[in-house]
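Student:
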Amino acid sequence: MWLSCGRTSNYFTSFSCRVFRSRLDVLGRRGCNTAAFMPEAAGFEGVSSCSELQELSVSGGSSFWAAVARHRLSWISPFTTVQDCDLSRGRIKWFEGGKLNVSVNCLDRHVHTCPDRVALIWERDEPGSEVRVTYRQLLEMTCRVGNLLRRHGVKRGDCVTIYMPSCPLAVASMLACARIGAAHNVVFAGFSAEALSERIRDAQSSVIITVNQGVRGGKVTELKRTVDEALQSCPAVRKVFVAMRTETPVVMTARDVAMDEEMLKEDAVCEPAAMDSEDILFLLYTSGSTGKPKGLVHTQAGYLLYAALTHRYVFDYHDGDVFGCVADIGWITGHSYSVYGPLANGGTTVLFESTPIYPDPGRYWETVQRLKINQFYGAPTAIRLLLKYGDQWVTKYDRSSLKTLGSVGEPINTEAWEWYYSVVGDRRCPVVDTWWQTETGGICIAPRPSDPDAEIVPGMAMRPFFGIKPVLMDTEGKVVTSNNTSGALCIAQPWPGMARTIHNNHQRFTETYCQPYPGYFYTGDGAYRSKEGYYQITGRLDDVINVSGHRIGTAEIEDVVNQCSAVAESAVIGYSHDVKGQGVYAFVVLKKSADAQESDLSRQLKDTVSKKIAKYACPDCIQIVQRLPKTRSGKIMRRVLRKVVERELDELGDLSTLDDPAVVQEIIEGHAELLRKKQSQ
Ligand code: AMP
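So the sequence shown is numbered by the working numbering: it starts at 296 and just counts up by one.
#1: Please report the distance separating the alpha-carbon of residue 971 from that of residue 675.
#2: Can you tell me which of the three DSSP states residue 932 falls into?
#3: Does the ligand AMP have a heavy atom nearer than 7 Å to the CB of residue 786?
#4: Does DSSP put residue 332 in a helix, in a strand, or in coil?
#5: Determine the DSSP secondary structure at residue 956, reduced to helix, strand or coil.
#6: The ligand AMP and residue 832: does the residue's C-beta get closer than 7 Å to at least one heavy atom of that ligand?
#7: Within 10 angstroms of the Cβ of residue 513, are there 16 or more other Cβ atoms? Answer buried if so, exposed if not.
#8: From residue 673 to residue 952, what does the alpha carbon distance come to, in whole angstroms?
#9: The beta strand (DSSP E) that contains residue 765, what's its start and end?
#10: Going by beta carbon distance, what residues of the same chain come within less than 7 Å of residue 735, once the five residues before and after it are set aside?
#11: Give the straight-line distance between the Cα atoms of residue 681 and residue 833, rounded to the nearest whole angstrom.
#12: Going by Cα to Cα distance, which pick from 944, 954 and 910 is closest to residue 928?
#13: Determine the DSSP secondary structure at residue 718, reduced to helix, strand or coil.
#14: Comparing C-alpha positions only, which one of 705, 556 and 526 sits nearest to residue 839?
#15: Over the uninterrupted beta strand (DSSP E) stretch that includes residue 822, give me the two end residues.
#16: Residue 918 and residue 882 look like a contact to me (Cβ under 8 Å); what is the Cβ gap, rounded to whole Å?
#17: Using a threshold of 8 Å, state whether the C-beta atoms of residue 597 and residue 389 are closer than that.
#18: Residue 449: which of 425, 437, 478 and 429 sits nearest, CA to CA?
#19: Whole-angstrom Cβ separation of residue 433 and residue 415, contact assumed at under 8 Å?
#20: Between the Cα of residue 638 and the Cα atoms of 599, 608 and 730, which residue gives the shortest distance?
#21: Within this structure, are the beta carbons of residue 457 and residue 426 separated by less than 8 Å?
#22: Can you have a look at residue 849 and say buried or exposed, based on whether 16 or more other CB atoms are within 10 angstroms of its CB?
#23: Spatial neighbours of residue 652 within its chain, please: C-beta separation below 8 Å, excluding the five flanking residues on both sides.
#24: Give every residue of the same chain whose Cβ lies closer than 6 Å to the Cβ of residue 447, excluding the five residues on either side of it in the sequence, and list them in chain order.
#25: Which residue wins for smallest C-alpha separation from residue 422, given the options 556, 662, 461 and 472?
#26: In whole angstroms, what separates the C-alpha of residue 924 from that of residue 931?
#27: Excluding sequence positions up to five away, which residues of its chain have a Cβ less than 8 Å from the Cβ of residue 649?
#28: I want to know whether the stretch 621 to 641 touches the stretch 395 to 414 - three or more CB-CB distances under 8 Å.
#29: Touch check for the stretch 754 to 767 and the stretch 811 to 831: three-plus C-beta pairs under 8 Å?
#30: Residue ranges of each alpha helix (DSSP H) run of no fewer than 4 residues wholly in the stretch 440 to 487, ordered along the chain?
#31: Sorry if obvious, but does the Cβ on residue 892 come closer than 7 Å to a heavy atom of the ligand AMP?
#32: Run the CB neighbour count on residue 574, radius 10 Å, all protein chains shown included, and call it buried at 16 or more, exposed below.
#33: Less than 7 Å separating the Cβ of residue 703 from some heavy atom of the ligand AMP?
#34: Do the stretch 521 to 531 and the stretch 491 to 504 make contact, defined as three or more Cβ pairs closer than 8 Å?
#35: Just to confirm, does residue 622 get its C-beta within under 7 Å of one of the non-hydrogen atoms of the ligand AMP?
#36: Please tell me whether residue 351 and residue 339 are closer than 8 Å, where the distance is taken between their beta carbons.
So, in structure tokens, the structure goes:
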């Protein structure tokens, strides 16, 4: 069995090429050793500091990326052009003419130099039962999966949907797709059958890889059963590969394949496909401001290079370090920093299957101690949750291995940042607040890399990464040049890691990202630039909310809420939540005929949302209202609803465009009543 073996591996790990010198030593003597920090810099004249390197990466983007791509990727045949991009038309192409295989870059080349180095440490849900997988073993597993997929008819250009928790076989499945030239579409294993089926259909997948059951926080989830339910509306699916995470057998149908057994019959060598730089590597669905999730497309060379470079420099990752990104592989963070970035760099990466509080709130730090994690990368929502449990859950474990702490997914508030820095990191480890998105492929703004001893300001992502030129736009669409000001965050020039399109909908891609500010990539986020020129992300500017670091469109939740039989219409907004960052607040207008009890309705709505989307999208608060505030043209004025919920009643703004301004008073009173009820519970 590939998954359920609970033994700690006996494989000896030899890190023959350890580099103990830190980046700070290397850049410590300004002007003398930039090439030791980044070998490619030897070819850039007059660059003697990290900030000069950043400037050059923006002003001379093509030479910078060409040098880095030649040095850091193994090519089957070299690229002939560095970039061919036109942001105004959504045309983004990097390293054309080049051929490579991503799995060879992540596995084979390290097997040649350090076969017994540990590639993955699978931190299983059951504490103390971690499994280590060497590069040699991961290559073998990947080849067997690749051959299995090929035997069952998966071809170059097909798309395989992977519905699995974080585990070595999920990584091998992603890499196996890359090996044979198929795209993968990983769907977070917390998504419901309906959300899964929508993503399978949109991706036109005919092959699925899953497990019998998932295990998380001590609870078992029936993933195979969810797949079966999803497939009732996916007639094109012809094969489901089922691996065994637990011992519990599941019902198998004619289209199901027992993956563990069948893999053993396959050859451990699998010929890698020679892929073009711009062939699709994967699709990853994310929420937008309309009801329909979008399948962002990432391609081979540019994505891999960007993931590898950001992993190396933002976290100051060195050979021999153990990198602990606790995100699930179902999100872009798991793709770029649990899988592709670390493996392209020949690193050792942790796959975390559990939760921050299982079996107790010391889980992260006990794991850090046991696995000797050097870089820990997690989400502010978990930090906020853990700080409530108290310092003792942290301080009882040895965290001396830690060198860098990372934060991702949402703004990190100062209190959480300070706790992370002082208690978790003992004021020794830089905290890197990393801003990026599914669309950007990798980190775009983070405090590191930077010149030695450059300051880090709590709660700020601060500095653009190599090749990134952030700009702020004012309400008239003009670039804001001054500091100490806010605006819509755009990126002024393309970079290799960015998404290329939305699967089957390039028009939506250009409309969403390229047309709002022609010639610029629009991120959908707002940002503040301090007087020193540092960036701080202020939050989404569109109807997308961020619950515990997970992005969800308000329209997506409304679609589902409106499907409940008692509901006439609804408006969903995000509001500040002390643990989740943002909570979901639903204003609901009932049908005249509805006689639902409030408690029944609330249960019905939550059940429906969790069944149709996922648990994290469930409303935290439901307010039943007679009417919604609408303009005369019928548009819901969410701005007003947000102000009511945030209790900013003197900032309601101009209400004169409302069809009936009296609605607002009813909603204010209803909200106050709801608060009173909650407080008395
Ligand atoms: P996703 O594509 O699901 O990873 O979500 C990306 C969104 O999360 C961004 O557009 C931001 O709104 C938010 N986000 C990610 N990282 C940060 C950060 N460090 N600070 C503030 N917001 C962030």
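For every residue, glycine included, the Cβ atom is placed at its ideal position computed from N, Cα and C.
Tutor: The relevant details are as follows:
#1: Locating residue 971 in the sequence shown gives position 676, counting from the first residue. Locating residue 675 in the sequence shown gives position 380, counting from the first residue. The straight-line gap separating the alpha-carbon atoms of residue 971 and residue 675 is approximately 29 Å.
#2: Along the sequence shown, one-based indexing puts residue 932 at 637. Coil.
#3: Taking the sequence shown and counting its residues from 1, the one referred to as residue 786 is at position 491. No, the Cβ of residue 786 stays beyond 7 Å of every heavy atom of the ligand AMP.
#4: As a first step, residue 332 must be located in the sequence shown, where it is residue number 37. The answer is helix: DSSP assigns residue 332 an H, G or I state.
#5: Translated into the one-based positions of the sequence shown, residue 956 becomes position 661. Residue state, collapsed to three classes: coil.
#6: In the sequence shown, counting from the first residue as 1, residue 832 sits at position 537. Yes - the ligand AMP has a heavy atom lying nearer than 7 Å to the Cβ of residue 832.
#7: As a first step, residue 513 is located in the sequence shown; it is residue number 218 there, counting from the start. It is exposed - the Cβ of residue 513 has fewer than 16 other Cβ atoms within 10 Å.
#8: As a working mapping, residue 673 is identified with position 378 in the sequence shown. As a working mapping, residue 952 is identified with position 657 in the sequence shown. So the alpha carbons of these two residues sit roughly 43 Å apart.
#9: As a first step, residue 765 must be located in the sequence shown, where it is residue number 470. Start and end: 765 to 768.
#10: Translated into the one-based positions of the sequence shown, residue 735 becomes position 440. For residue 735, where only same-chain residues beyond five positions count, the Cβ hits under 7 Å are 792 and 793.
#11: In the sequence shown, residue 681 corresponds to position 386, counting from 1. In the sequence shown, residue 833 corresponds to position 538, counting from 1. Each residue's alpha carbon lies about 23 Å from the other.
#12: Against the sequence shown, residue 928 aligns to sequence position 633. Among 944, 954 and 910, the Cα nearest to that of residue 928 belongs to 954.
#13: Here residue 718 refers to the residue found at position 423 when the sequence shown is read from its first residue. Note: residue 718 maps to helix in three-state DSSP.
#14: As a first step, residue 839 must be located in the sequence shown, where it is residue number 544. Cα-wise, what sits closest to residue 839 is 705.
#15: Position 527 of the sequence shown holds residue 822. Segment 816 to 824, the beta strand (DSSP E) holding residue 822.
#16: Position 623 of the sequence shown, counted from the first residue, corresponds to residue 918. Position 587 of the sequence shown, counted from the first residue, corresponds to residue 882. Confirmed, about 5 Å.
#17: Here the question's residue 597 lines up with position 302 in the sequence shown. Here the question's residue 389 lines up with position 94 in the sequence shown. Contact: yes.
#18: Numbered from 1 along the sequence shown, position 154 holds the residue referred to as residue 449. Minimum Cα distance to residue 449 is reached at 478.
#19: If you number the sequence shown from 1, residue 433 lands on position 138. If you number the sequence shown from 1, residue 415 lands on position 120. So it is a contact: roughly 6 Å between Cβ atoms.
#20: As a first step, residue 638 must be located in the sequence shown, where it is residue number 343. Of all alpha-carbon atoms in 599, 608 and 730, the one lying nearest the alpha-carbon of residue 638 is that of 599.
#21: Walking along the sequence shown from the start, residue 457 turns up at place 162. Walking along the sequence shown from the start, residue 426 turns up at place 131. In this structure, residue 426 does not lie closer than 8 Å to residue 457 by Cβ.
#22: Here the question's residue 849 lines up with position 554 in the sequence shown. Around the Cβ of residue 849, a 10 Å sphere holds 16 or more other Cβ atoms; the residue is buried.
#23: Here residue 652 refers to the residue found at position 357 of the sequence shown. Same-chain partners within the cutoff: 512, 658, 680, 681 and 684.
#24: As a first step, residue 447 is located in the sequence shown; it is residue number 152 there, counting from the start. Once the five neighbours on either side are set aside, the close Cβ partners of residue 447 are 534.
#25: For this step, residue 422 is matched to residue 127 along the sequence shown. A check of alpha carbon separations from residue 422 across 556, 662, 461 and 472 identifies 662 as the nearest.
#26: Translated into positions along the sequence shown, residue 924 becomes position 629. Translated into positions along the sequence shown, residue 931 becomes position 636. Rounded to the nearest angstrom, the two C-alpha atoms are 6 Å apart.
#27: Translated into positions along the sequence shown, residue 649 becomes position 354. Excluding residues within five positions, the ones whose Cβ falls inside 8 Å are 418, 419, 420, 422, 511, 512 and 658.
#28: yes
#29: yes
#30: 463 to 475
#31: Translated into positions along the sequence shown, residue 892 becomes position 597. It does not: the Cβ of residue 892 is nowhere closer than 7 Å to a heavy atom of the ligand AMP.
#32: The residue you call residue 574 lines up with position 279 of the sequence shown. Looking at its Cβ environment, which holds 16 or more other Cβ atoms inside 10 Å, residue 574 is buried.
#33: By one-based count along the sequence shown, residue 703 stands at place 408. Yes.
#34: yes
#35: Locating residue 622 in the sequence shown gives position 327, counting from the first residue. No, since every heavy atom of the ligand AMP falls outside the 7 Å radius drawn around the Cβ of residue 622.
#36: Walking along the sequence shown from the start, residue 351 turns up at place 56. Walking along the sequence shown from the start, residue 339 turns up at place 44. In this structure, residue 339 lies closer than 8 Å to residue 351 by Cβ.
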